Amino acid sequence: MIVILHLAVGLMGNAASFLLYVAPIWTFARIIKKRSTEEFSSVPYIISLLNCLLYTWYGLPVVSNQWENFPIITINGLGILFELSFIIIFIWFTSPKQKLKTRIMTTIVILIFSTTALVSAYLLHDHHTRKRLVGSVGLLVAVAMYASPLVVMKKVIETKSVEYMPFSLSFFSFLASALWLAYGLLGQDLLIAAPNIVGCPLGALQLVVYCKYRNRVMEEPKEEWDVEKLDQEDIKQHLQIAVVTTDDKINGKMSQNVNS
14 MIVILHLAVG LMGNAASFLL YVAPIWTFAR IIKKRSTEEF SSVPYIISLL NCLLYTWYGL
74 PVVSNQWENF PIITINGLGI LFELSFIIIF IWFTSPKQKL KTRIMTTIVI LIFSTTALVS
134 AYLLHDHHTR KRLVGSVGLL VAVAMYASPL VVMKKVIETK SVEYMPFSLS FFSFLASALW
194 LAYGLLGQDL LIAAPNIVGC PLGALQLVVY CKYRNRVMEE PKEEWDVEKL DQEDIKQHLQ
254 IAVVTTDDKI NGKMSQNVNS
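Per my numbering, the very first residue in the sequence shown carries number 14; after that it's consecutive.
Structure, rendered in structure tokens:
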């Protein structure tokens, strides 16, 4: 019975994680449409990529005992494809400064994963020790992944707007972490359960913040007429208006003088 329940929770965790991975599609559709990443951050996607890489490796028979963690392989393998796609789109449409930052962080992520995989495969010789190494690194990364939205929540509180914190991302993050927590506990695998002990309350906190600020709109800064920032056509339009207004005032004064 426990085995069947364990598998069922794993499948539900897969479904929730899939919805979590596809949730940013609408965000990136907006980025492509506007051809700008605006105030969105690439950090959550880069950390999620490392998390998917590590847990895919964790679930493979090289680390785990045969195929005991097969559900983890399927969903995290799919997550790798999604996160890579999001990072590539982000790099394509972001500013030069953010391009460099995102590329450096992605390179660091690949180096961390490669080092962990090589050490576990060639320097460690039993599944238990390999799981401890990969799971420990994965634990730290998973905690970082769940904590990364704190940066976005800070912006939400400052601007009193949830524009850059989509509800679907927060909701599915909470749901997925709750299900994987149950999966880890049922399988008596604390290396899977532990990061989700942090993920659940952080996901719940995101939902609380969203509910508090969901009906508020971020105030747009008032537009000021700065000649240095206006293009040539705008300057001409403002000058034409000023000239016409001045002429009207002069003509009005001349008419008053003639009448008097």
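Beta carbons are placed, not taken as given, at the ideal position from N, Cα and C, and that holds for glycine. All values reported here derive from a predicted model rather than from experimental measurement.
Exposure of residue i, with buried meaning 16 or more beta-carbon neighbours within 10 Å
i	result
M166	buried
Q79	exposed
H138	exposed
K144	buried
T120	exposed
S77	buried
S149	exposed
V221	exposed
P234	Residue placement at P234 cannot be trusted, given a pLDDT of 44 that sits under 50; the coordinates are not used to answer.
Residue i (DSSP reduced to helix, strand or coil)
i	result
G26	helix
G200	coil
M158	helix
H138	coil
V175	coil
N89	helix
V16	helix
A36	coil
L279	A query on residue 279 cannot be resolved here, the shown segment of the chain reaching from 14 to 273 and no further.
N209	helix
Q111	helix
S186	helix
V76	coil
F53	coil
R48	coil
F31	helix
When the options are compared against residue i, the one with the closest alpha-carbon
i	options	result
S108	R48, E171, L18 and V16	R48
T115	N209, S190, I210 and S55	S55
G90	F31, A42 and L20	F31
V147	K46, T120, C65 and A28	C65
F187	M118, N209 and F41	N209
V35	I88, T120, A21 and F83	I88
L203	H141, T40, F83 and F106	H141
L20	R43, F83 and F184	F83
V164	S149, L218 and N27	L218
I45	L94, F106, V211 and G26	F106
Neighbourhood of residue i by C-beta distance below 8 Å, restricted to the same chain and skipping five residues each side
i	result
P74	W80
S227	Note that residue 227 is Arg in the sequence shown here, rather than Ser. The answer, listed in chain order, is V175 and F180.
W39	P179 and S181
V7	It is not possible to answer for residue 7, since the shown part of the chain is limited to 14 through 273.
Close beta carbons around residue i, own chain, < 7 Å, minus the five adjacent residues each side
i	result
I205	W193, Y196 and G197
A207	L152
A134	V75
A160	L215
E96	Y58, S61, L62 and C65
I122	This sequence places Val at residue 122; Ile is not what is there. Cβ within range, chain order: I59, L62 and L63.
F185	A29, L32, L33 and A36
Whole-Å CB distance - residue i paired with residue j, under 8 Å assumed
i	j	result
G23	S61	Going by Cβ atoms, the distance from G23 to S61 rounds to 19 Å, so no, they are not a contact pair.
T50	F99	With a Cβ gap of about 11 Å, T50 and F99 do not count as contacting.
I125	L63	6 Å
Y68	I85	5 Å
A130	W70	5 Å
E52	K168	7 Å
S190	C224	In fact, because the Cβ distance is near 18 Å, the residues do not count as touching under 8 Å.
Residues near residue i in its chain [Cβ-Cβ closer than 6 Å; skip 5 each side]
i	result
I15	none
A155	N64 and P208
G72	N82, I85 and I86
R43	none
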